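Here the structure comes first, spelled out in structure tokens, and everything after it is commentary.
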Amino acid sequence: MKFTTFMLVEHTTVVSGLVNVLGGGASHLNRPSYPAPMALSLLCMIQPPPSYQGEPIQVLFTVTEADGDAIYARLEGEFGFGIHAEADPRTMNAPLVVDLSDVMLPKSGLYRIAGTLDNSASVELFFQVKTVDVAAADTPLQ
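For the sequence shown, position 85 matches number 97 in this note's numbering, and the numbering has no gaps at all.
Written out as structure tokens, the structure is:
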């Protein structure tokens with residue numbers, strides 16, 4: 013079990029197992045004041061082992077400061093997906109979108125998103141938040 017994709021996106025939809033992404037790969041966020049909402053989602057692609065039969069997968073996501081001391085969001089649950097009988101198990105890859113748009117960030121700085129599958133496979137993504145004067149700058153918020 014592993015993550016094959018783990019990225020911040022402005023908007024994403026999943027239709028018939030296909031992922032449509034707008035503004036993917038965000039790693040620097042500009043915010044005019046704090047606390048500020050993340051206003052992003054996390055797109056994950058999960059590849060189960062070839063022996064996967066549709067059983068629930070335990071997932072855990074946290075948004076923390078870079079050192080992990082302060083936790084701003086903790087989301088946990090179960091995730092599962094169906095398998096096409098004729099599909100080669102090596103081609104299985106399931107999308108999971110985690111809405112982080114309402115997670116409030118208290119200040120500028122370096123943050124970390126960590127993801128764990130079945131209490132073992134894990135990945136982390138760092139992103140930086142900077143303060144900008146939107147009236148003076150021609151800088152997008154993402």
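Yeah, the Cβ is synthetic: ideal placement off N, Cα and C, and Gly gets one too. These figures come from a predicted structure and were not determined experimentally.
Taking the C-beta atoms as reference points, Ser39 is found nearer than 8 Å to Gln140. Residue environment for Phe138: exposed (fewer than 16 other C-beta atoms within 10 angstroms of its C-beta). For Pro44, the three-state secondary structure derived from DSSP is coil. Residues of the same chain with a CB within less than 6 Å of the CB of Leu72, apart from the 5 flanking positions on each side, are Glu88, Thr128 in chain order. Excluding five sequence positions before and after Pro68, the CB atoms of its chain that fall closer than 6 Å to its own CB belong to Glu90, Gly92, given in chain order.
In the three-state scheme derived from DSSP, where H, G and I count as helix and E and B as strand, Pro101 is classed as helix.
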